[in-house]
């Protein structure tokens, strides 16, 4: 669960406090001749705004002393994170110290911070890393001259992860709701193109774009079009509070509805608007296993590694930037020269490279859910292009403590028996099921866990086709799993096993498959008219 760090406290700033530390930084050994005694010095500013305090001593303890480049770390703690103050802080810093790069972290969810850092980087050409908070939030379009990099995922990466989550839970019918917040067209485009070219049987019912202005009567009219139980929402945090309040008044946030949002909408998970419904799912950059100290260390390591690669190639590091103002001097190695070396960075055995648009090429993302205690709970992770979820079945009632169970979502058991039910592996490249099949779970015994584990399979066949048609017409959703305790169902020592046992003992509300009629089963089952001697 997301817990507020007990050490978090505000920093007070009367005048700007500037502390200079000369720190050697751990980096790959590079054998370059500099002359008799010249050692290159790399000046990196670490600016933290409204975050948990990290002392200079803590930063110093992160680094070793055995390297050919000295790194001079300039630390600056600020209280003001509005655009004007940020520009003032950075420019004042440059006028006092020659800066090669900036590592910036904040404790806010103000996306405007990322926008102003992008602007500063495009004017000064120095690499700026947004490692936490508003500085790392999604940006739609960066300046063409931008040298701004972020510890986060792009709109495309997060949108595709949303589809992965939906595919795992068999949520194939969905709608998209957005405001006109920058990037909304990219969000819609990525989803639509992926769905249109996917083997999965997606059903994108509605694409609704709202003005998200308080008092706009059109908002409710448009939201009334939604018929799907799964809604993907793209907008700012403030806009989400308004949209979800309107959705609540229409009964679209209650039991049976699932809203999935990007990290932009979640913002700082310590501040959750009352309008956000329990059960809301978000994809987010991993804050659980990636503390601020580690981010600062990685930020310094990334810039230093890029400089080391340049040093190896050119025998020198970039010219430092001394001012925000005036024309950029034409030098052999300007600060922007570091940009291309940021595209391919390996630091302490990890790939921390960036894409051309300044996002991490392989971001470590988590899936979080707002639980009944209104705390964000980690329920999955995306790492090395693989999704792992905590819940093999969407938890619904047990997780969120709703007063009533969801009558529109059923747990259904089945049994492999061709041609009625055919079980296949997922598609090897995509990890998904083909259009004519549905995901189903197979329980595997695991000595490391009392409950065992589940693997994903794909079920199709005559009975599955009937199930899909009934679900579509009656309008219910379901979790489908394969029986492990017996087969069709037999009474042994007065206890039922198999398909019949799963339903009799209420582990499932429905069994789907080929079931022969006999006297024993007729005691607990009302069979339909026989089809091929089966009910």
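Residue numbers (mature numbering (1 follows the signal peptide of the UniProt record, and there is no 0)): -35 to -1, 1 to 500. Note that CB positions come from ideal geometry on N, CA and C, so glycine has one too.
- Annotation for residue 6: 35 and 37 place their beta carbon closer than 7 Å to its own, counting only its chain and skipping 5 residues before and after.
- Look at the beta carbons and you see the stretch 251 to 266 touching the stretch 331 to 349: at least three pairs across the two are nearer than 8 Å.
- Within the model, the alpha-carbon separation for residue 50 versus residue 395 is close to 47 Å.
- The stretch 121 to 129 and the stretch 151 to 166 touch, with three or more beta-carbon pairs separated by less than 8 Å.
- As for any alpha helix (DSSP H) of minimum length 4 sitting wholly inside the stretch 144 to 202, the runs are 149 to 161 and 183 to 188, ordered along the chain.
- For residue 389, the enclosing beta strand (DSSP E) starts and ends at 387 to 389.
- Straight through space, the alpha carbons of residue 10 and residue 140 are spaced by roughly 44 Å.
- If you ignore the 5 residues before and after residue 94, its C-beta comes within less than 6 Å of the C-beta of 68, 114 and 264, all in its own chain and listed in chain order.
- At a Cβ-Cβ threshold of 9 Å, residue 111 and residue 86 count as neighbours.
- The beta carbon of residue 80 lies closer than 7 Å to those of 104 in the same chain, with the five residues before and after it left out.
- Residue pairing of residue 444 in beta bridges, as defined by DSSP: 376.
- The stretch 454 to 462 and the stretch 471 to 490 touch, with no fewer than 3 CB-CB distances between them shorter than 8 Å.
- For residue 53, the enclosing alpha helix (DSSP H) has its first and last residue at 48 to 61.
- The residues 408, in chain order, have a CB closer than 7 Å to that of residue 449 in the same chain once the five nearest residues on each side in sequence are set aside.
- Taken atom to atom, the span from the alpha-carbon of residue 344 to that of residue 336 is near 10 Å.
- In this structure, DSSP gives residue 45 a state outside helix and strand, which the three-state scheme calls coil.
- Residue pairing from DSSP places residue 8 in a beta bridge opposite 37.
- Contact between residue 208 and residue 142 holds: their C-beta atoms lie close to 7 Å from each other, under 8 Å.
- Contact between the stretch 161 to 172 and the stretch 388 to 406 is present, with at least three C-beta pairs closer than 8 Å.
- Assignment of residue 476 by DSSP, reduced to helix, strand and coil, places it in the strand class.
- Between residue 206 and residue 238, the gap from beta carbon to beta carbon is short of 9 Å.
- For residue 316, DSSP records a beta bridge to 311.
- With a 10 Å radius around the Cβ and a threshold of 16 neighbouring Cβ atoms, residue 223 comes out buried.
- Beta-bridge pairing by DSSP links residue 346 to 331 and 353.
- Shown here for residue 464: same chain residues with a beta carbon closer than 7 Å to its own, the five before and five after excluded, namely 378, 380, 448, 453, 454, 476, 478 and 480 in chain order.
- Short of 7 Å from the beta carbon of residue 174, and not among the five residues preceding or following it, lie these beta carbons of its own chain, in chain order: 143, 145 and 149.
- Contact annotation: residue 59 and residue 16 have beta-carbon atoms that are not nearer than 9 Å.
- Closest in C-alpha terms to residue 168, from the list 184, 187 and 136, comes 136.
- Cβ-Cβ distances below 8 Å link residue 474 to 375, 376, 377 and 468 in the same chain, with the five nearest sequence neighbours on each side left out; the list follows chain order.
- With fewer than 16 other CB atoms across the displayed protein chains lying within 10 angstroms of its CB, residue 214 is exposed.
- One Cα belongs to residue 77, the other to residue 102, and the distance between them is close to 9 Å.
- Considering only 242, 108 and 246, the residue with the shortest C-alpha distance to residue 322 is 108.
- For residue 115, the uninterrupted beta strand (DSSP E) segment begins and ends at 113 to 115.
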